[in-house]
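Take a look at the structure set out below.
Protein chains: 4
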Amino acid sequence: MGTARGPQTTGSDERNAARLSARRAQILDAATSVFARLGYHGSRMDDIVQASGLSKGAIYWYFKSKEEIAVELVRQLLHDEEQSLAGEPAAGGDAGARLSAMADDFSRSLRENPSRAPLALELLSLGQRIPAIKKHFTDYHETYVALLSDLLRAASGGAASTQQIRAGALALAAMVDGWALHEALITTPSGHRDGLGEAVGILVAGLRSQV
Amino acid sequence: MGTARGPQTTGSDERNAARLSARRAQILDAATSVFARLGYHGSRMDDIVQASGLSKGAIYWYFKSKEEIAVELVRQLLHDEEQSLAGEPAAGGDAGARLSAMADDFSRSLRENPSRAPLALELLSLGQRIPAIKKHFTDYHETYVALLSDLLRAASGGAASTQQIRAGALALAAMVDGWALHEALITTPSGHRDGLGEAVGILVAGLRSQV
Amino acid sequence: MGTARGPQTTGSDERNAARLSARRAQILDAATSVFARLGYHGSRMDDIVQASGLSKGAIYWYFKSKEEIAVELVRQLLHDEEQSLAGEPAAGGDAGARLSAMADDFSRSLRENPSRAPLALELLSLGQRIPAIKKHFTDYHETYVALLSDLLRAASGGAASTQQIRAGALALAAMVDGWALHEALITTPSGHRDGLGEAVGILVAGLRSQV
Amino acid sequence: MGTARGPQTTGSDERNAARLSARRAQILDAATSVFARLGYHGSRMDDIVQASGLSKGAIYWYFKSKEEIAVELVRQLLHDEEQSLAGEPAAGGDAGARLSAMADDFSRSLRENPSRAPLALELLSLGQRIPAIKKHFTDYHETYVALLSDLLRAASGGAASTQQIRAGALALAAMVDGWALHEALITTPSGHRDGLGEAVGILVAGLRSQV
DNA sequence: GATGAATGAGAGTTCATTCAT
DNA sequence: TATGAATGAACTCTCATTCAT
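See the structure below:
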């Protein structure tokens, strides 16, 4: 009688599961481009409907609200980010060089995907009102800072104190997010590309020089 | 003369000018606290009405739209910020120490005024859809980076190249804004207060150590 | 497909088309009575909502604005009017008698539908600010004058010049609309019903008597 | 103590009376042009304020509401009209010719003062919701029809019945107002100027030809 | 008398969400 | 499952009117 209120896992063979995640991905893709273009508050559900090629009802079948779409979007973006972070330390080699490389990678990805920074800023500011989003960012931040700490410790060659390592890691994390923020918001004719890796190098050198 | 829309500048003696700016300040103060608490999109004009103690009509007498309030708010905040920046270089002394001091000041002000970072993040993200706001941030950024460059040049004792100086200044600016962003968004039980000044010191040391 | 705004024409079988025009008719009927009663500017969307038995959202699903409702109302009223005009000349017989009959019909319809003249006046005056409405009236007027010219030519038995025919047709059209206007606006205790047909007869006689 | 609620006649010497009517005229002039341009509902009190060169308070000192301005405007326009009508019959001569002349005068005045017809239509439609305006139009109409009846009686040379005279007069009045209405609303490339006088001539001829 | 800042009820419109089919 | 028509609370902004000065 009653119609269930979301995607059914009951009696779900693999077909169902596949469709389910395909649909959700379809919706999240649409939301990604729409949010990046119009911002969360500037986007109407109808925009997502149109961009996804699905119907309004379908959207609400797979997500219970606009907010839930944003939350899931953040979860997925940060999950992917953590995945690629997880691959990082596996690669051996000079820690300082790896930090610089990570910075350059990040810098390049901002340039290659121009909607990334704007979207991130949009979602970041959403975090202030949506606890689930805030939690995801906080969790990711923790992981990220831990990784940076490890790399900084290795890169500083034992010259820096634990407190300095922590300060450096927090500063690096802030620098990276701040860089993205400026990328999204500041229009510079000259452009400030490619300086991030260099800055990381300088900071590492500073840590190393501590007596 | 005719009363068209908004406060009259015609025949304005000092009384009028005083009332005008008092009213605008009253409204901007209200908007500041409301935006900080609820966010721009979460704030209704009625919230500002209530917080200001004025009537709806009065708000629209002094500002033509909600957006204009936000723009003026940003303009004023950044104007004040530039003013206090302008006082900085006047003080002589060690440039490196001054940079650290600025960082600590900033860090402390975030702590003492807990709504500052959230409000900033909110307004920052507005900049993506409101060109006038974006322009204000861009202009401020330019000034800020120029100041940081001067200080870094002095602090590095000639050891760093122009390019390194620039990268460092951009990195510092990013670090500061990113720090505020994390302050607004990341809930850490331990807290990461007071690390900013230290991080700046490390970065300066790094610049100095460049051969 | 996407649900953007307004009823879908995509995949519309007859059911859909039927519902669509039923709903629009429902809204236009409501608007007709509300506009007649309160005038366009005196009517609130909520009045139409209430009169239609639909919700506010439904109204805006079928019409994008209050103005569009008025435009469509005019379009439909004049379309119907043209339809009944089109039937006129088909009937043979004495042209003069037919003109008088048309006048009497018009006169009677004003009496039988007391809200017709007030509504017409309301919409007429809207035409001054809404170009689409003005266009509809202009087009209708052209058709109407052409028909009157044909009838007058036939009725005058060749006695009148082309210029006189045209002047007479314009005068007749003006007389008819002016009659409605007075019906809507002038409160005469005696009433001036039934004089229109007679007046038309006099004018025709005048045309015939031209040497 | 208490401030009176309108222009004072107390202690009024002629100076006061003169100022009073000058001010009211100033306001009515402004309202005339503003209403003609924007329509009654499209005009804001601020528009009248601006056009009059007075202050908002002054407007409300001389008129108690926007509606009262419209009412007084109609009263004055129709009063002037009646005045010039009153001069008409004084001039002797052929009644038919005089009717045609009146029509031509009217036609010319519409052409020379292009805002007249639009303004009239606007005020006419206001009459439907503002009883005082309706009353003014009704009274004027009565006077006008009486005059037309007199002229038609004289012009018809006794050939027409009282009923025919009355129908003719009502028809003429309708024709004239309808003509103005079309002037305001219908955009014809060819233009239909100068046909009104001719049409009146035809109608008179028709009355004369009645046996 | 005159000014224009201030009021606040209410207008048209939007849009996240629901639900009959 | 899927659709898109329907809902209605809530929004920003307007503007006739008032009143302290």
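Chains as they are written, first to last, in my numbering: chain U, 540 to 750; chain E, 540 to 750; chain D, 540 to 750; chain A, 540 to 750. Built from N, CA and C at the ideal position, the CB exists for glycine as well. Small disclaimer: the values here were computed from a predicted structure and weren't measured.
Taking the alpha-carbon positions, what's the residue 552 of chain D to residue 559 of chain D distance?
Working through the third sequence from its first residue, we reach residue 552 of chain D at position 13. Working through the third sequence from its first residue, we reach residue 559 of chain D at position 20. The straight-line gap from Cα to Cα measures roughly 11 Å.
Should the region 574-582 of chain U be called in touch with the region 655-667 of chain U, which here means at least 3 C-beta pairs below 8 Å?
yes
7 Å Cβ shell around residue 571 of chain D - same chain, five flanking residues per side excluded
The count along the third sequence starts at 1 and reaches residue 571 of chain D at position 32. Once the five neighbours on either side are set aside, the close Cβ partners of residue 571 of chain D are 612, 658.
At a CB distance below 7 Å, what residues from the region 670-682 of chain A approach chain D? Give them in sequence order.
673, 676, 677, 680
Can at least three beta-carbon pairs, one atom from the region 741-748 of chain U and one from the region 726-746 of chain E, be found at a separation below 8 Å?
yes
Mind listing the chain A neighbours of residue 641 of chain D? Cutoff is C-beta to C-beta under 8 Å, in chain order.
Locating residue 641 of chain D in the third sequence gives position 102, counting from the first residue. In chain order: nothing, as chain A lies at least about 14 Å away.
Give, in chain order, every residue of the region 560-591 of chain D whose Cβ lies closer than 9 Å to some Cβ of chain A.
577, 578, 579, 580, 581
Going by beta carbon distance, what residues of the same chain come within less than 8 Å of residue 584 of chain D, once the five residues before and after it are set aside?
If you number the third sequence from 1, residue 584 of chain D lands on position 45. So the qualifying residues of the chain are 595, 598, 605.
What residue from U/718, U/726, U/725, U/727 has the CA that sits closest to residue 736 of chain U's CA?
Sequence index remark: in the first sequence, residue 736 of chain U carries index 197 (1-based). Residue 736 of chain U has its Cα closest to that of U/718, out of U/718, U/726, U/725, U/727.
Going by other Cβ atoms of all chains shown within 10 Å of its Cβ, with 16 needed for buried, is residue 703 of chain E buried or exposed?
As a first step, residue 703 of chain E must be located in the second sequence, where it is residue number 164. Burial call: buried.
Looking only at its own chain, which residues have a Cβ that is under 6 Å from the Cβ of residue 707 of chain D, when we skip the five neighbours before and after it?
Working through the third sequence from its first residue, we reach residue 707 of chain D at position 168. 691, 746.
Same chain, Cβ closer than 6 Å to residue 723 of chain D, five either side skipped, listed in chain order
Taking the third sequence and counting its residues from 1, one reaches residue 723 of chain D at position 184. Cβ within range, chain order: 656, 657, 660.
Output the boundary residues of the alpha helix (DSSP H) element that contains residue 652 of chain D.
The residue you call residue 652 of chain D lines up with position 113 of the third sequence. Taken as a continuous stretch (DSSP letters only), residue 652 of chain D belongs to no alpha helix (DSSP H), as it is neither H nor E.
Where the alpha helix (DSSP H) through residue 608 of chain U begins and ends
Residue numbering aside, residue 608 of chain U sits at position 69 when the first sequence is read from its first letter. Its alpha helix (DSSP H) spans residues 605-626.
Identity of the residue in D/610, D/557, D/563 nearest residue 673 of chain D by Cα:
To locate residue 673 of chain D, count along the third sequence from 1; it is residue 134. Closest by alpha carbon: D/610.
Go ahead and label residue 697 of chain A buried or exposed: buried means 16 or more other beta carbons lie within 10 angstroms of its beta carbon, across all protein chains shown.
If you number the fourth sequence from 1, residue 697 of chain A lands on position 158. With fewer than 16 other Cβ atoms within 10 Å, it is exposed.
What does residue 705 of chain D touch in chain A if you count any residue whose Cβ is under 7 Å from its own?
Taking the third sequence and counting its residues from 1, the one referred to as residue 705 of chain D is at position 166. What residue 705 of chain D touches in chain A: 734.
Which one of E/615, E/646, E/622, E/566 has the shortest CA to CA distance from residue 590 of chain E?
One-based indexing of the second sequence puts residue 590 of chain E at position 51. When each option's Cα is compared against that of residue 590 of chain E, the closest is E/566.
By DSSP, does residue 701 of chain A sit in helix, in strand, or in coil?
Here residue 701 of chain A corresponds to residue number 162 of the fourth sequence, with the count starting at 1. Residue 701 of chain A: helix per DSSP, three-state reduction.
Given that residue 737 of chain U touches chain E, what residues does it touch there, using C-beta distances under 7 Å?
If you number the first sequence from 1, residue 737 of chain U lands on position 198. Neighbours of residue 737 of chain U on chain E, chain order: 703, 706.
Spatial neighbours of residue 586 of chain U in its chain, beta-carbon cut-off 6 Å, leaving aside the 5 residues before and after:
As a first step, residue 586 of chain U must be located in the first sequence, where it is residue number 47. For residue 586 of chain U, where only same-chain residues beyond five positions count, the Cβ hits under 6 Å are 573.
What is the DSSP secondary structure of residue 593 of chain E, counted as helix, strand or coil?
Your numbering for residue 593 of chain E matches position 54 in the second sequence. In this structure, residue 593 of chain E counts as coil in the three-state DSSP scheme.
Would you report the Cα separation of residue 617 of chain D and residue 602 of chain A, rounded to the nearest angstrom?
By one-based count along the third sequence, residue 617 of chain D stands at place 78. By one-based count along the fourth sequence, residue 602 of chain A stands at place 63. Each residue's Cα considered, the two are about 40 Å apart.
Alpha carbon of residue 615 of chain U to alpha carbon of residue 653 of chain U, nearest angstrom:
What you label residue 615 of chain U is simply residue 76 of the first sequence in a count that begins at 1. What you label residue 653 of chain U is simply residue 114 of the first sequence in a count that begins at 1. Cα-Cα distance, rounded: 19 Å.
Since residue 738 of chain D and residue 694 of chain D should fall inside the 8 Å C-beta cutoff, what is the C-beta to C-beta distance between them, to a whole number of angstroms?
As a position in the third sequence, residue 738 of chain D is number 199, starting the count at 1. As a position in the third sequence, residue 694 of chain D is number 155, starting the count at 1. Contact flag wrong, Cβ pair sits at about 14 Å.
Under 8 Å Cβ-Cβ, which residues of chain U neighbour residue 557 of chain E?
Within the second sequence, the letter at position 18 stands for residue 557 of chain E. Correct list: empty, because the minimum Cβ distance to chain U is about 35 Å.
Would you mind telling me which residues of chain D sit closer than 8 Å to residue 721 of chain A, beta carbon to beta carbon, in chain order?
Indexing the fourth sequence from 1 puts residue 721 of chain A at position 182. Residues of chain D passing the Cβ test: 680, 709, 712, 713, 716.
Beta-carbon gap between residue 709 of chain U and residue 684 of chain U smaller than 8 Å:
Position 170 of the first sequence, counting from 1, holds the residue named residue 709 of chain U. Position 145 of the first sequence, counting from 1, holds the residue named residue 684 of chain U. Their beta carbons are under 8 Å apart, which means residue 709 of chain U touches residue 684 of chain U by this criterion.
Using 8 Å for Cβ pairs, my map puts residue 740 of chain D next to residue 705 of chain A. What's the rounded Cβ distance?
If you number the third sequence from 1, residue 740 of chain D lands on position 201. If you number the fourth sequence from 1, residue 705 of chain A lands on position 166. That pair is no contact at about 14 Å.
Unbroken alpha helix (DSSP H) run spanning residue 683 of chain E, endpoints:
Here the question's residue 683 of chain E lines up with position 144 in the second sequence. Start and end: 670-695.
Spatial distance of residue 677 of chain U from residue 688 of chain U (CA atoms)
One-based indexing of the first sequence puts residue 677 of chain U at position 138. One-based indexing of the first sequence puts residue 688 of chain U at position 149. Their Cα atoms are separated by approximately 16 Å.
What does a CB cutoff of less than 6 Å around residue 608 of chain E pick up in its chain, not counting 5 residues either side in sequence?
Taking the first residue of the second sequence as 1, we reach residue 608 of chain E at position 69. Closer than 6 Å at the Cβ level, and outside the excluded window around residue 608 of chain E, lie 570, 602.
Under 8 Å by beta carbon: chain D residues contacting residue 748 of chain A
If you number the fourth sequence from 1, residue 748 of chain A lands on position 209. The answer, in chain order, is 744, 745, 747, 748.
Which class does residue 566 of chain U belong to by DSSP, given the choice of helix, strand or coil?
Position 27 of the first sequence, counted from the start, is the residue given in the question as residue 566 of chain U. Reduced to three states, the DSSP call for residue 566 of chain U is helix.
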